[in-house]
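In our numbering, the protein residues as written are 295 to 761.
Read through the structure below, which is laid out as structure tokens, and then see the notes.
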């Protein structure tokens, strides 16, 4: 290739792109909506020469539009073409629409291969993959709703749409008797396939398996945390609202659990490597009350945890994952070498940072889907949590040097409607925000009180998860 760098665009709102390190032969630029507060912020932090403003053709896409919607309803393809920008870094899952857009406009997607994303994100496919390779997972299996198939578990269960993302499409039920109530709400469709698994009593965790042709590396473990509110559509089929992750120092984990994690996830990494997988595989798992590790799902893309993985290489045993990921797209990717790659087990990191999504309140069924309105805005930037309260330190979020500092990424603007459970902002914090059971600690509650966008979040911000 010529000596000119590969120009790659990223959405700053995705957060991950801001924490990517410099990479040889790569120039990163920021896509921002013209005239939005994010444009002025990006120019201050990144400089005019690294900002690509685009125009939206619709104004009703919400507080945090899906990436596919931004691509379909804007002139982003023209902006990229005129600036010589050939790559688009994805923080979100690659949808069919996004892939079609990239093919149509000759844009290279900087992401894990589409076919790997589609397979591993499919809950039923991944469950069968775990069975085939002898990896531990909860009891259960696929069921066609409305068929005569045997219900695969006894007692409380989790029902999931195969392509569900986040908490959407995931329902906690007492048994098959709750399915009709979900169908009446439009949550389930007769004739569709769902994954049904036993409801495991334990704690939810996440881990990243980073895979390149030469390396399989495990990240530090993080606790998956949820708001202490079960959003429901009635008595049945409740779901939980994701709050963020809490990084767990490896020395705090029991020795037997560390042995299990190394054995299970290095095996998974080897299996991914053998399939020529490349990138970040984020795996959700449970540790039950007997100390067993049970794998739940795999998200082969960036996640809520990726910004801190990129900013703090010690969370991946010092592997320069961001640079390795970007540099692989400079030419044709090297095929995976024969044999076993270098394997990096759980790092001995002691980091206790966390993330926090600031979310509009769930509503009771009587409220319907009435949207709240954003009443105040907050600047994206670096903040400190001090004895006298929260203090804004400046606009640059890319460095988090202090133990009590956090980066706020603000999405919502005053006057915007925000339906229930809309993410209004995200915080990346060096400060622990959750307790050992995922309960909100005092600093998290203080942040929620301060960054109150709607005056309508009492149900979330004042409660704590019962111990």
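Every residue gets a Cβ at the ideal spot worked out from N, C-alpha and C, and that includes glycine.
Within a Cβ cutoff of 6 angstroms, which residues of the same chain sit near residue 375, ignoring the five residues on either side of it in sequence?
Same-chain partners within the cutoff: there are none.
Cutting at 8 angstroms between CB atoms, please list the residues of its own chain near residue 755, excluding the five before and the five after it.
Residue placement at residue 755 is poorly supported in this model, since its pLDDT is 47, which falls under 50; the coordinates are not used for a value here.
Roughly how many whole angstroms lie between the Cα atoms of residue 423 and residue 655?
Answer to the nearest angstrom: the Cα atoms are 37 angstroms apart.
Can you tell me which residues form a DSSP beta bridge with residue 842?
Any property of residue 842 remains undetermined from this structure, which presents the chain solely from 295 to 761.
Three-state secondary structure (DSSP) at residue 650?
Strand at residue 650.
Whole alpha helix (DSSP H) elements within the stretch 297-381, 4-residue minimum:
Listed in chain order, they are 331-340, 361-366 and 370-376.
Rounded distance between the beta-carbons of residue 736 and residue 721, thought under 8 angstroms
So it is not a contact: roughly 15 angstroms between Cβ atoms.
Sequence ranges, beta strand (DSSP E) only - wholly within the stretch 547-604, length at least 3
Counting only runs of 3 or more, we get 573-582 and 587-593.
Throw me the rounded Cβ distance for the residue 300 and residue 320 pair, which I believe falls under 8 angstroms.
About 5 angstroms separates the Cβ atoms of residue 300 and residue 320, confirming a contact at the 8 angstroms cut-off.
Do residue 303 and residue 382 come within 8 angstroms of each other at the CB atom, strictly closer than that value?
Pairing residue 382 with residue 303 gives a Cβ-Cβ distance under 8 angstroms.
Delimiting residues of the alpha helix (DSSP H) encompassing residue 391:
Residue 391 -> alpha helix (DSSP H) spans 390-399.
Looking only at its own chain, which residues have a Cβ that is under 6 angstroms from the Cβ of residue 443, when we skip the five neighbours before and after it?
Answer for residue 443: 437, listed in chain order.
With distance defined between alpha-carbon atoms, name the residue in 594, 516, 518 and 749 nearest to residue 708.
When each option's Cα is compared against that of residue 708, the closest is 749.
Please classify residue 715 as buried or exposed, where buried requires at least 16 neighbouring CB atoms within 10 angstroms.
Around the beta carbon of residue 715, 16 or more other beta carbons sit within 10 angstroms, so the residue counts as buried.
Local conformation of residue 677 per DSSP, three classes
If DSSP states are grouped into helix, strand and coil, residue 677 belongs with the strands.
Check the DSSP bridge columns for residue 541 and list the partner residues they point to.
Partner(s): 516.
Start-to-end residues for the alpha helix (DSSP H) that takes in residue 740
Residue 740 -> alpha helix (DSSP H) spans 736-744.
Pick from 565, 514, 509 and 418: whose alpha carbon is nearest that of residue 499?
Among 565, 514, 509 and 418, the Cα nearest to that of residue 499 is on 514.
So, does the stretch 579-592 touch the stretch 484-500, judging by three or more C-beta pairs under 8 angstroms?
Touching, yes, given that three or more Cβ pairs across the two stretches are closer than 8 angstroms.
Could you compute how far the alpha carbon of residue 640 sits from the alpha carbon of residue 506?
For residue 640 and residue 506, the distance between alpha carbons rounds to 17 angstroms.
Grab me the residues of residue 692's own chain with a C-beta within less than 7 angstroms of its C-beta, minus the 5 sequence neighbours each way, in chain order.
Only 312 and 313 meet the Cβ criterion.
DSSP-derived helix/strand/coil call for residue 711:
Taken through DSSP and simplified to helix, strand or coil, residue 711 comes out as strand.
Is the beta carbon of residue 488 closer than 8 angstroms to that of residue 453?
Contact flag set, yes.
Would you report the Cα separation of residue 681 and residue 698, rounded to the nearest angstrom?
One C-alpha to the other measures close to 10 angstroms.
Kindly indicate which residue of 493, 621 and 563 has the alpha-carbon position closest to the one of residue 583.
Of the residues 493, 621 and 563, the one whose Cα lies closest to the Cα of residue 583 is 493.
What's the C-alpha gap between residue 758 and residue 373?
Since pLDDT at residue 758 reaches only 47, below the 50 mark, its modelled position is unreliable, and the value read off the structure follows with that caveat. Their Cα atoms are separated by approximately 46 angstroms.
Among all the DSSP beta bridges, which residues are the ones paired with residue 688?
Residue pairing by DSSP places residue 688 opposite 676 in a beta bridge.
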